[in-house]
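Have a look at the structure below, then the notes.
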Amino acid sequence: MRELRIHGRGGQGSVTAAELIAVAAFEGGVFAQAFPAFGVERRGAPVQAFVRFDDKKIRKRSQVYEPDYIIVQDSTLIKDVNVFMGVKKGGIVIVNTEKKPEYQVPEGVKLITIDATSIALRVLGLPITNTTLMGAFAAATGEIQFAALEKALSHRFNKELAAKNIEAARVAFDFVRGAA
Amino acid sequence: MMEITEGSHAVAEAVRLCRPQVVSAYPITPQTHIVEALADFVANGKLDAEYITVENELSALSACVGASAAGSRTYSATTSQGLLLMTEVVFNAAGMRLPIVMSIANRAVGAPLSIWNDMQDSISLRDAGWLQFYAEDNQEATDLHFLAYKVAESKEIQLPVFVCFDGFILSHTYEPIDMLLQEQVDQYLPKFDPAEKLDAKDPISFGMYATPEYYLEFRYEMDQAQKRAKDVIAKAGKEFGTMFGRDYSALTVGYLLDDAETVIVAMGSVCGTVKDAIDEMRAAGKKVGLLKIRVFRPFPSEEIAKALSKVKRVAVLDKNISLGAKGGATAIEVRDAMYGSMIPVKGYVLGLGGRDIRKKDIKEIVSLCENGIGDQFYGLRKELI
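The listed protein sequences correspond, in order, to chains R and E.
Read the first sequence against the numbering used here and you will find it ends at 233, with the numbers running on by one and no gaps.
Read the second sequence against the numbering used here and you will find it ends at 742, with the numbers running on by one and no gaps.
Next up, the structure:
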C-alpha cells in the first residue's frame with residue numbers, strides 16, 4: 054500500500070485533489086481510498102487530506118502518519134506545520150513554491166519544487182493550485198496516468214473549466230517530467 | 358457496477374434505489390451530503406418522492422411518522438445532536454411499529470461540542486425499539502439500506518431501522534463500491550405493503566393511549582418483534598447474498614476466529630484497521646481474531662456466546678461510554694452474553710470524539726488484554742487529567 058498526504062490551507066482544494074487523485078487511480082484499476090483530516094473547515098486554516106493506493110481492498114481507516122508521498126500546496130505552511138513528518142525513505146515530496154529548493158527534507162526523500170501558483174494564475178486565472186499539483190503528482194510518482202487524471206477532471210468540472218484545469222495539470226506534468 | 362464515490366453519496370444513491378415516497382430530514386454535519394444529494398435527486402426528477410423541508414430534526418422524523426402511518430415508504434438521516442433532538446419521536450416511531458429507515462452518520466454528542474466520530478448518538482438510543490445495523494465500509498453502508506427496508510417492512514417485524522456508519526471516517530471517504538442497478542433493487546425490495554395504514558374510509562389510530570392494562574403487552578410485542586428480526590435478517594441477508602453475491606445473513610462476522618486465543622469484538626469502520634493489525638500480529642505468531650458485530654439490535658447474544666466459546670480472552674472495543682457503568686455498551690452486553698463462562702471479557706473505551714485509532718493501538722489493547730488489564734479508557738492523555 055502507498056499513502057499520500059496533502060497539506061494545504063482551507064480553500065485551496067486539498068480535499069478535492071485527494072478525491073480526484075483517488076478517482077484517477079481507480080480509473081487505472083487501483084483500489085484507492087481518499088478522505089480528509091476532519092477539521093472545522095475555515096478558509097486559510099491548515100488542512101490535510103489523504104489518499105491510499107493498493108492492489109487489493111483497503112481496510113485501514115486511521116489517518117496517514119508515514120506517507121510515501123507528500124504534496125504541500127502552500128509553502129508558508131512549512132514554518133508552522135511539520136509537513137514532512139513521517140515521510141518514508143524513498144518517498145517523494147512535492148512543494149508548491151516559486152523559490153528554488155531550500156527545504157530540508159529527511160534523508161533519502163526526493164524533493165520536487167514547482168511554482169504551481171504561477172501556472173494556475175496563468176492558466177486558470179486563479180491561485181488555486183490543486184489540479185496543477187495533481188499533474189505534478191502524476192509525473193513524479195506514476196500512481197496515476199495523465200489520461201485518467203483528464204477523465205477525473207472532465208467528470209468533476211464543466212467542459213470549459215475542465216479544459217483549463219487539464220491544461221494547468223499538463224503544464225505541471227511536463228515541467229516535472231522535464232526536470233526528472 | 359463498481360464505481361468510486363463518497364460514502365454519503367453512495368448511501369444517497371442506495372436510498373434513491375429503494376424508492377422512498379417521502380423523505381424528510383434536516384441537514385447536520387457529517388450527514389448533510391446525504392440529504393443534499395436526495396434533495397437534488399427529487400429536484401432533478403431522479404427520485405419520485407415528496408421531500409419535506411422542515412425546521413429541525415424533531416419535525417423531520419415527525420413528518421416521516423405521519424407519512425409512514427399513511428402507508429408511504431419513508432426515509433430520514435441524521436446524527437449526534439440531531440438524533441437527540443428527535444428522541445421523543447424515535448421512541449414513538451418504534452412504538453407505532455412504523456418501518457422507517459434512517460441513516461445515522463455516527464458522531465459524538467455534546468457537551469463539549471464535537472463534530473467528530475464516535476457511536477454515542479445511536480448507542481444512546483439502543484432501548485428505543487429500532488433495529489440497529491453498523492457498517493464496516495461503504496459497501497456495507499450502502500447494502501445495509503436495502504436490507505433495512507426489507508426487514509423493517511416485513512410483516513413479522515414492522516419496526517424502524519437505524520443504518521449506522523461512521524461519520525467522516527466513512528461518510529466523507531471516497532472508495533470503490535459495487536452499486537446495484539434499479540432493476541436489481543426492484544427485484545429484491547418489493548413495493549411497501551403496509552399491514553395497517555391511515556385511511557379516512559377505514560379509520561384507525563396509531564400511538565393511542567394505552568392504560569396499565571395494555572401498555573406492558575405493547576412493549577412485549579416490540580421485544581418479540583426484535584427477537585424475530587434475527588431470523589428475518591438471516592433470511593433477507595441470505596437472499597441478498599444469493600442475488601448479488603454479498604451475504605448479510607450473519608449478525609456477527611468472524612475474522613480468523615478458528616484458532617484465535619485473543620478475540621477483539623468491535624463494530625463499524627474500526628474493524629478494517631483491526632483486521633490489518635490482526636494480520637500483522639498473526640505474522641508475528643500471535644493468535645488473534647475479530648468478531649465484528651454488524652447488528653447491535655437485536656443484540657446477537659447467543660451468536661456471540663457461541664462464536665467466543667473456545668477463546669481464551671475477549672477484548673471489546675467501544676466508541677461509546679455508559680457513564681457510571683462498567684464501560685461501553687458493547688462490553689456490557691458482550692459480558693452479559695458470556696455470563697456463566699470463565700472467559701475474561703475486558704472492555705476498552707476509545708476513539709471518542711474522533712480520536713484516531715491506529716493499528717498500534719489495537720496491538721497495545723491485545724497486550725493489555727493478555728495481561729488481564731482492561732475495563733478502562735484507552736489512550737487517555739495523562740497530562741490533561
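All residues carry an ideal CB built from backbone N, CA and C; glycine is no exception.
These numbers come from a predicted model, not from an experiment.
Within-8 Å CB hit, residue i to chain E
| i | result |
| --- | --- |
| R:Ser115 | yes |
| R:Ala75 | yes |
| R:Pro42 | In the structure displayed, chain R extends from 54 to 233; residue 42 of chain R sits before or after that span and is not available. |
| R:Glu72 | yes |
| R:Gln101 | no |
| R:Ala87 | yes |
| R:Ile145 | no |
| R:Ile111 | yes |
| R:Phe210 | no |
| R:Phe106 | no |
| R:Phe190 | no |
| R:Phe228 | no |
| R:Phe137 | no |
| R:Phe84 | yes |
| R:Phe79 | yes |
| R:Phe91 | yes |
Extent of the continuous alpha helix (DSSP H) to which residue i belongs
| i | result |
| --- | --- |
| R:Thr185 | 183–194 |
| E:Met638 | 627–640 |
| E:Asp616 | Where E:Asp616 is concerned, there is no enclosing alpha helix (DSSP H), given that its DSSP letter is neither H nor E. |
| E:Ala450 | 437–452 |
| R:Arg62 | Element bounds for R:Arg62: not the alpha helix (DSSP H) but the beta strand (DSSP E), 55–62. |
| E:Glu740 | No alpha helix (DSSP H) holds E:Glu740; DSSP gives it neither H nor E. |
| E:Leu504 | 495–509 |
| E:Ile590 | 572–601 |
| E:Glu363 | That residue, E:Glu363, is in no alpha helix (DSSP H); its beta strand (DSSP E) goes 359–363. |
| R:Phe79 | 67–80 |
| E:Phe398 | 389–400 |
CB contact check: residue i to chain R, cutoff 8 Å
| i | result |
| --- | --- |
| E:Lys403 | no |
| E:Ser460 | no |
| E:Lys554 | no |
| E:Phe525 | yes |
| E:Val627 | yes |
| E:His529 | yes |
| E:Arg715 | yes |
| E:Pro533 | yes |
| E:Asp675 | no |
| E:Asp475 | no |
| E:Ile361 | yes |
| E:Thr630 | yes |
| E:Asp633 | yes |
| E:Gly439 | no |
| E:Gly711 | yes |
Alpha carbon of residue i to alpha carbon of residue j, nearest angstrom
| i | j | result |
| --- | --- | --- |
| R:Gln65 | R:Phe210 | 16 Å |
| R:Pro154 | R:Asp168 | 11 Å |
| E:Met459 | E:Val668 | 36 Å |
| E:Gln489 | E:Ile714 | 23 Å |
| R:Ala189 | R:Ala222 | 7 Å |
| R:Val134 | R:Val158 | 13 Å |
| E:Ile457 | R:Lys109 | 36 Å |
| E:Ala505 | E:Val520 | 7 Å |
| E:Ile526 | E:Pro560 | 46 Å |
| R:Met54 | R:Arg105 | 7 Å |
| E:Leu709 | E:Ser528 | 17 Å |
| E:Leu442 | E:Leu415 | 6 Å |
| E:Lys676 | E:Asp475 | 5 Å |
| E:Thr410 | R:Ser115 | 35 Å |
| E:Ile480 | E:Glu727 | 28 Å |
| E:Val542 | E:His502 | 11 Å |
| E:Glu690 | R:Tyr122 | 43 Å |
For residue i, the first and last residue of its enclosing beta strand (DSSP E)
| i | result |
| --- | --- |
| R:Lys163 | 163–167 |
| E:Gly423 | No beta strand (DSSP E) holds E:Gly423; the alpha helix (DSSP H) holding it covers 414–426. |
| E:Ile409 | 407–410 |
| R:Arg105 | 99–107 |
| E:Val610 | 609–612 |
| E:Ile461 | 458–463 |
Expected contact under 8 Å - CB spacing of residue i and residue j to nearest Å
| i | j | result |
| --- | --- | --- |
| E:Ala672 | E:Tyr705 | 6 Å |
| R:Lys217 | R:Val176 | 6 Å |
| E:Ala593 | E:Val508 | 5 Å |
| E:Met536 | E:Glu360 | 6 Å |
Residue i Cβ short of 7 Å to the ligand PLP heavy atom set
| i | result |
| --- | --- |
| E:Glu690 | As for the ligand PLP, it is missing from this structure, which has no ligand bound. |
At which residue ranges does the stretch 109–134 of chain R contain complete beta strand (DSSP E) runs of 3 or more residues, listed in the order of the chain?
Listed in chain order, the beta strand (DSSP E) runs fully inside the stretch 109–134 of chain R are 122–125, counting runs of at least 3 residues.
At 3 residues or longer, what runs of the beta strand (DSSP E) sit wholly inside the stretch 520–557 of chain E?
As summarised for the stretch 520–557 of chain E, the continuous beta strand (DSSP E) elements at least 3 residues long and confined to that stretch are 531–535, given in chain order.
Inside the stretch 644–732 of chain E only - alpha helix (DSSP H) runs reaching at least 4 residues
Entirely contained in the stretch 644–732 of chain E, the alpha helix (DSSP H) runs reaching 4 residues are, in chain order, 658–664, 686–694, 716–727.
Ignoring anything shorter than 3 residues, give me the beta strand (DSSP E) runs that lie fully in the stretch 198–233 of chain R, in order along the chain.
Uninterrupted beta strand (DSSP E) stretches at least 3 residues long and entirely within the stretch 198–233 of chain R do not occur.
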